[in-house]
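In our numbering, the protein residues as written are 2 to 447.
Glycine included, every Cβ here is placed at the ideal spot set by N, Cα and C.
The structure displayed is predicted, hence computed values, not measured ones.
Reading through the structure tokens given below for one structure.
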């Protein structure tokens, strides 16, 4: 009966995807079909789904989305770009490096890959083209760097991962083998994402440097100007304080990640209205509409994916997959390699948040059996899926960069593969060296 139910669950899910149904409809339709086959009360479907969106940490989702939208309208993103340009200076491929740094800065206040790509791309893609960068290359670099938005905290996928593991207990066999495991919290995930985010950004900077040297993309200036750097820092001081206040408040224990999202909104409103004086009533309404659309879509996916994941656990699918994989090999490095390649493939076809909700109940028991820290697993999962923002056919950042710069998606893909390779290598480094994820949380007392 279990195998029959599994066939119904995955068969109907992939069938609905193949005929073009949205991911939410595919998940919900497949789950409902399995419910009917198992003779379960359909009312429980709604009860499980409703419970999934009634968790306090989930309040951070709309708040961070709104904060990111407001920061663009308040002039914060433009000033962060100016700081990045001043720091890049005469370095080969300086404007490309500034694009990566700007995405790194904006990711620290946005939490979204497409939002980071849009905010930075609107400023940097035209600027790179004016400096004789190839449009396809400028768009590819921006789409790649936009993926940093979900790695650098605060991160919406980290919030979703933290919610997904609530209540999940390590298998008793894993505890017998490895002892008790460290707990997972959204605050700890935020701290753990800092160093891996810098590693991923470093991979893009290296690839940008090598490509710029090959094609002769010069720096922005003849030499670094201390006056220009200081001037940009003065103009952007309130923008720089945004991630400092948000992350510093979390790490210092002043407020929770959920509360920090609300702090970010009020901080942005204050800066945009009273200091920068660029935030208009019309821009505020546009930001609210954007937040409503994005949050509604994410919650619908979460609504359906929770029921789908519950059925996976009830049918013992994670345990079966874990057992089969461990029978194949118990080498942690081989398991990480298989897992990363699988996640890169999934990221090509599935939205990041849906993938997290579906895969966490399946993959986490496997990694528990191997003794992996669940926080480290979460960081590797999110870093791997971040590559999906720049790989077709789904590749949301590709479409955002194409819409901004005007280059076709096919043309951008032709120049993005070196960045995909660089970020994939960075993911393997993060996976194989857990201390990159766990050192900073340990220092901070988590």
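Collapsed DSSP secondary structure at residue 278 in the structure displayed: DSSP places residue 278 in coil when its eight states are reduced to three.
Three-pair Cβ contact test at 8 Å for the stretch 220-236 versus the stretch 161-169: These segments do not touch.
Cβ contact (3+ pairs, closer than 8 Å) linking the stretch 66-79 and the stretch 287-296: yes
Nearest-angstrom beta carbon gap, residue 417 and residue 213 [assumed within contact, 8 Å]: That belief does not hold up - the Cβ atoms of residue 213 and residue 417 are roughly 15 Å apart, past 8 Å.
Cβ-based neighbour list, residue 392, same chain, cut-off 7 Å, excluding 5 preceding and 5 following: Here the set comprises 348, 349 and 421.
Same chain only: Cβ atoms within 7 Å of residue 309, ignoring 5 sequence neighbours per side: 28, 31, 32 and 359
CB of residue 151 within 8 Å of CB of residue 353, strictly: yes
Straight-line gap, residue 13 to residue 341 (C-alpha atoms, nearest Å): Each residue's Cα considered, the two are about 26 Å apart.
Residue burial classification, residue 83 (beta-carbon count within 10 angstroms, cutoff 16): buried
Per-residue DSSP class, three states only, for residue 255: coil
Rounded C-alpha distance that separates residue 263 from residue 370: 38 Å
At least three beta-carbon pairs within less than 8 Å, the stretch 32-46 to the stretch 202-210: Using a Cβ-Cβ distance cut-off of 8 Å, the stretch 32-46 and the stretch 202-210 are not in contact, since fewer than three pairs of beta carbons, one from each stretch, lie closer than that value.
Spatial distance of residue 179 from residue 126 (CA atoms): 49 Å
Closest Cα partner of residue 274 within the set 239, 301, 246 and 255: Its Cα nearest to that of residue 274, the residue 239 stands out among 239, 301, 246 and 255.
Closest Cα partner of residue 424 within the set 198, 343, 306 and 300: 198
Buried or exposed (CB count within 10 angstroms, at least 16 for buried), residue 281: exposed
Residues near residue 18 by beta carbon distance below 7 Å, same chain, minus five either side: 27
Rounded distance between the beta-carbons of residue 378 and residue 368, thought under 8 Å: 5 Å
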